[in-house]
Amino acid sequence: MVLILELIMTVAPLFSAQDLVKTFGIKTLFEGITFSISPGERVALIGPNGSGKSTLLKIIASKEEPDTGMVYPRRDIQTSYVPQEDLFDETKTAYEILLETLVAAGHEAYMVERKVEETLESAGFSDRSQKVKNLSGGWKKRLAILRGLILEPDLLLLDEPTNHLDIEGVLWLEEVISNYPFALVFVSHDRYFIARLATRVFEINRRYPRGYFTTNGDYSDFLEARELHLEGLKQNQESLANRVRTEVAWLRQGAKARTTKSKHRTAEAYKMIDQLKDTQFKEKRAQLEFAASNRKSRELIKLDGISKQIESRTLFRDISFTLSPGVRLGIVGPNGSGKTTLVKTILGEIKPDTGRVVTAHNIKINFFDQARKNLDRTVTLKKALTPQGGDSVIFNNKAIHVASWAKRFLFSTEQLSLPVTNLSGGEQARLLLAQLMLQESDIILFDEPTNDLDIATLEVLEESFCEFPGAIVLVTHDRYLLDRASTNILGLSPSGGEFFASYLQWESHFAQQIKEKPLKTEITQPNRAPVNLNQAQKKELKNIESKIMKAEKTLEELNQKMELKNASGDIAEITKCCQDIADQQSAIEALYARWQELEKGE
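In terms of this note's numbering, the sequence shown opens at residue 23 and continues consecutively.
Pasting the structure below:
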């Protein structure tokens, strides 16, 4: 009997849901969602921004209730939920956080102290006394994930777990999850993360008749099955549309006799018309196409032995390459390796310490800036989409009305009168891409263009990169995009730059380097006071790190305040918030500069 019960528990779903419906205000996020999660499954939850992925994850975690529908968690299930935002008592250490997590779950502290130590050590937390407030966003994310893992749940729920993690952190997370036997449901836009971990992909999208599509297998299996499914939907829609046209023509002629047969055909015709409305399949994807100048020059830009240092730290050394039409160069490296600095050196905004940058005569270079500094958030969306004014734009020598132009980037007509500051992060990214498309380019440099974009838009962006005849320089955390779109990969390091045939080749090289050096948290305390500083400066250096932490926390609060103001639509308050955020960012940059200046005294 015991063996039978154990077998039933092994094969029984951990969680089931039937006909879930959830609305947010007047908007329906999803409806009719039905699924189950089996032991050991790893389910990737994907879909357009605003489709309800995070909400569905919260329903599975019992953090929210569906409006209608039923959920059936297994009676004895142990679930851990890691939200997007990492919430901690920041006055405590990582050790204390994990120990309290286990004690709250019913464990005796003295029984699990060693487990906590081993868990932290395996994740690179070398300083047991370090407070959470002194950790960077990436290390806080590691701690949040460890807090979910240490309970050894039956079901782990992760909402955008790769946010804030650098490449080293993402590789660590992939390895950790691969070695755990629990079931996993995770929301992510990281297609490599999905491809490496998922055993099933579940897409929420209202373009499907049921509102979702799911298939077993990895991400490539999902893409193949989805393509076949969508092709079937299109064929079914076309067949039904042809039948409806025939019936509409018959209805317009009028029934020849009020016979039972004609009445039945009339009823069936109207039923078929309604069915066509319900099965209308429309592919809602942004339409991206970058305008090229079609310049034939072989050498657009040539970098000859350039190097760059910041203070006493070498970012990169002796970098040489030539950008020609058709070259798509991906630049990779850990955080702080100088990727953005190299991009700005190519642009001419920063001069190299050694070497030279040679550009072709009258070259047309455009830049997608991750900071979005050139985006005027006080104007309306209409004005931002039509920089020359009026009601239309000129694209590929054709005039396009602003409403049609906006539709290409998934904006509604109602949004045209809204200020840019009211747009979400993903919408602002699409707006920048729309502005970029109106400019002819020989070279386009992209610094983190994928931030806030959903997978559907990332797929279109990838296609547009591959179709652009000019040269592209790409800096992004999207590993899938790097590998699919780049013709060459440049890996940066203080010892120089090395070229690789693909992103995966560089990642393998980088992973080997990680194994050869010990992990450590990235905030390093000075071991001794700088000898050339006076007492006041020594005190300032000792306290400056905590000042930076406070300033960054204030910036985070200002960003949260901005979200509230966006919802209110108060333009004056929104403008003031934008200025406050800019001022705070400047203050943080000044603090970092002062920190570096004081440390030069060592």
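Where a beta carbon is used, it is the ideal one built from N, C-alpha and C, also for glycine. These figures come from a predicted structure and were not determined experimentally.
Residue burial is scored here from C-beta neighbours: ILE466 has at least 16 other C-beta atoms within 10 angstroms and is therefore classed as buried.
Here VAL209 carries a strand assignment [DSSP, helix/strand/coil]. ALA313 has no beta-bridge partner at all, per DSSP. Three or more Cβ pairs closer than 8 Å define a contact, and the stretch 213-230 falls short of that threshold against the stretch 128-139. Considering only PHE224, ASN316 and GLU249, the residue with the shortest C-alpha distance to PHE490 is ASN316. In the structure shown, VAL223 adopts extended strand secondary structure according to DSSP, grouped into three states.
Relative to the Cα of HIS423, the nearest Cα in the group ARG430, LYS429, THR45 and SER414 belongs to SER414. In this chain, the alpha helix (DSSP H) harbouring ALA533 covers 525-537. In this model, VAL379 and ALA425 are separated by some 41 Å (Cα to Cα). Taking every protein chain shown into account, the CB of ARG501 has 16 or more other CB atoms within 10 angstroms, so this residue is buried.
Beyond the five residues adjoining it in sequence on each side, LYS49 comes within less than 6 Å, by CB distance, of no other residue in the same chain.
Bridge partners of ARG335 according to DSSP: ILE332. In this structure, LEU460 is the residue among ASP98, GLU436, LEU460 and PRO70 with its C-alpha nearest to the C-alpha of PHE390.
With fewer than 16 other Cβ atoms inside 10 Å of its own Cβ, ASP89 counts as exposed. When C-beta atoms of the stretch 164-182 are compared with those of the stretch 92-102, three or more pairs fall below 8 Å, so the two segments count as touching. Taking the CA atoms as reference points, SER38 sits about 8 Å from THR56. Within the DSSP secondary-structure output, THR376 pairs in a beta bridge with SER329. Between PHE468 and LEU453, the gap from beta carbon to beta carbon reaches 8 Å or more.
Distance from the CA of ILE323 to the CA of LYS373, rounded to the nearest whole angstrom, comes to 15 Å. Taken in chain order, the unbroken stretches of beta strand (DSSP E) that lie wholly in the stretch 344-414 and span 3 residues or more are 350-354, 376-381 and 387-390. Judged by DSSP in its simplified three-state form, GLU520 adopts strand. Nearest Cα to PHE204 within the set VAL365, SER439, GLU174 and GLU371: GLU174.
Counting only runs of 3 or more residues that sit fully inside the stretch 151-213, the beta strand (DSSP E) segments are 177-181 and 205-209, in chain order. Residue burial is scored here from C-beta neighbours: GLU246 has fewer than 16 other C-beta atoms within 10 angstroms and is therefore classed as exposed. LEU51 places its beta carbon less than 8 Å from that of THR77. In this structure, LEU120 is the residue among LYS405, LEU120 and SER144 with its C-alpha nearest to the C-alpha of VAL154. The alpha carbon of THR123 has as its nearest neighbour, out of ARG232, ILE172 and GLY360, the alpha carbon of ILE172. Here ASP108 is buried: its Cβ has 16 or more other Cβ atoms, across all protein chains shown, within 10 Å.
Measuring C-alpha to C-alpha distances from THR113 to each of ASP602, LYS572 and TRP427 identifies LYS572 as the nearest. For LEU445, there is no enclosing beta strand (DSSP E), as DSSP gives it neither H nor E.
Residue range 64-68 is occupied by the beta strand (DSSP E) that includes ARG64, with no alpha helix (DSSP H) assigned at that position.
Between the C-alpha atoms of ALA308 and MET133 there is a straight-line separation of about 55 Å. The criterion of a C-beta distance shorter than 8 Å is satisfied by VAL354 and GLY513. When beta bridges are read from the DSSP output, ILE59 appears opposite PHE37. With a threshold of 16 other beta carbon atoms within 10 Å, PHE46 falls short and is exposed. For ALA421, the enclosing beta strand (DSSP E) stretches over residues 420-423.
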